[in-house]
Structures are given as structure tokens and as C-alpha cells.
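In what follows, a single structure is set out as C-alpha cells and then discussed.
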Amino acid sequence: MIKELDQNEEFVALQEILADAEDVLDLRAAKQEEHDSPTVSLAEVKSSLAID
Numbered sequence: 000m001i002k003e004l005d006q007n008e009e010f011v012a013l014q015e016i017l018a019d020a021e022d023v024l025d026l027r028a029a030k031q032e033e034h035d036s037p038t039v040s041l042a043e044v045k046s047s048l049a050i051d
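Below you can see the structure in the form of C-alpha cells.
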């Protein structure tokens, strides 16, 4: 059975949801800003660092 949240638990849950939403917006903004930036593949990074 789903337990009812007290006011404090509800507030904390809402804060977490809001923080997650802000993270999504930040990620979308960063992706848009970096849209035209050059990329490096994992294979290229491994090669440049001499990692097998």
C-alpha cells in the first residue's frame, strides 16, 4: 500500500522533482550550446591515452 506523505516528506519529494527538472533543462541547454562543437570518439580518446 502507498503510504501517505507528511508535509515534510512531500516538500522534500517536490524539491527532488524540481531539482531533476532543473537538471534536464541545464542538460538541454548544454547540448544546444555544444551542438556544433567537434566530437571525439571513445576509440580516439583511448588511442591518444594509449589505453587498450
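For the sequence shown, position 39 matches number 38 in numbering that gives the first Met the number 0, and the numbering has no gaps at all.
Where is the CB? At the ideal position from N, CA and C, for every residue including glycine.
Return the first residue and the last residue of the alpha helix (DSSP H) that residue i is part of.
{"i": "Ala18", "result": "Gln6 to Glu32"}
{"i": "Ser46", "result": "Leu41 to Ser47"}
Between residue i and residue j, what straight-line distance do the alpha-carbon atoms span, to the nearest angstrom?
{"i": "Lys2", "j": "Leu17", "result": "21 Å"}
{"i": "Leu24", "j": "Glu8", "result": "24 Å"}
{"i": "Glu15", "j": "Ala29", "result": "21 Å"}
{"i": "Pro37", "j": "Asp19", "result": "28 Å"}
Which residues in the same chain as residue i place their Cβ atom closer than 6 Å to its Cβ, once the five residues preceding and following it in sequence are excluded?
{"i": "His34", "result": "none"}
Skipping 5 residues on each side, what residues in its chain have a beta carbon closer than 7 Å to that of residue i?
{"i": "Gln6", "result": "none"}
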